[in-house]
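K.L.:
If you're matching positions, the sequence shown starts at 2 in our numbering and goes up one per residue. Built from N, CA and C at the ideal position, the CB exists for glycine as well. Next up is a structure, given as structure tokens.
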Amino acid sequence: MVLALKAILAQSDAVETIVFDEVDAGIGGGTAEVVGRKLAALAKHHQVICITHLPQIAKFGDQHFSIAKQVVDGRTLTTIRPLNEKDRQREIARMLGGERITRTTLAHARELMEK
């Protein structure tokens, strides 16, 4: 719903940057693929920043960053790291299969990214 509203607003406004924070809430699989395609279409004419936990959406990004939070001495620290192509594949594999990355999850990530 938020994606549809922002897409409509972007058409009628001179919006340069559109931010989607967890646009994937409550969806998965095929629906996530459709949302990813819509975001990619929006990104042709606008800067789109999308925070997602779904590899079906992340694969559409032109650039991919990993964001990690950790608590150190009672303070939450956030790190943002740009990913190269190899790191991006590993991150997509992690999104697919969890922290334990295997040849199978890497192959699945590679296949997903090529679609």
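How far does the beta strand (DSSP E) with Thr-32 in it extend, from its first residue to its last?
P.N.:
Taken as a continuous stretch (DSSP letters only), Thr-32 belongs to no beta strand (DSSP E), being part of the alpha helix (DSSP H) at 30–43.
K.L.:
Which first and last residues belong to the beta strand (DSSP E) in which Asp-22 is found?
P.N.:
Here the beta strand (DSSP E) through Asp-22 covers 18–22.
K.L.:
In the DSSP assignment, the alpha helix (DSSP H) including Arg-104 goes from what residue to what residue?
P.N.:
Unbroken alpha helix (DSSP H) run through Arg-104: 104–115.
K.L.:
Output the boundary residues of the beta strand (DSSP E) element that contains Ala-69.
P.N.:
From DSSP, the beta strand (DSSP E) with Ala-69 extends over 66–73.
K.L.:
So Thr-106 and Leu-97 are supposed to be a Cβ contact under 8 Å. How far apart are they, rounded?
P.N.:
Indeed, because the Cβ distance is near 5 Å, the residues count as touching under 8 Å.
K.L.:
Per DSSP, which one or two residues make a beta bridge with Pro-83?
P.N.:
BP columns for Pro-83 point to Phe-66.
K.L.:
Hey, would you say Lys-116 sits closer than 8 Å to Ile-93, going by beta carbons?
P.N.:
No, Cβ-Cβ distance for Lys-116 and Ile-93 is not below 8 Å.
K.L.:
Quick one: what does DSSP say Leu-97 is sitting in, helix, strand or coil?
P.N.:
DSSP places Leu-97 in helix when its eight states are reduced to three.
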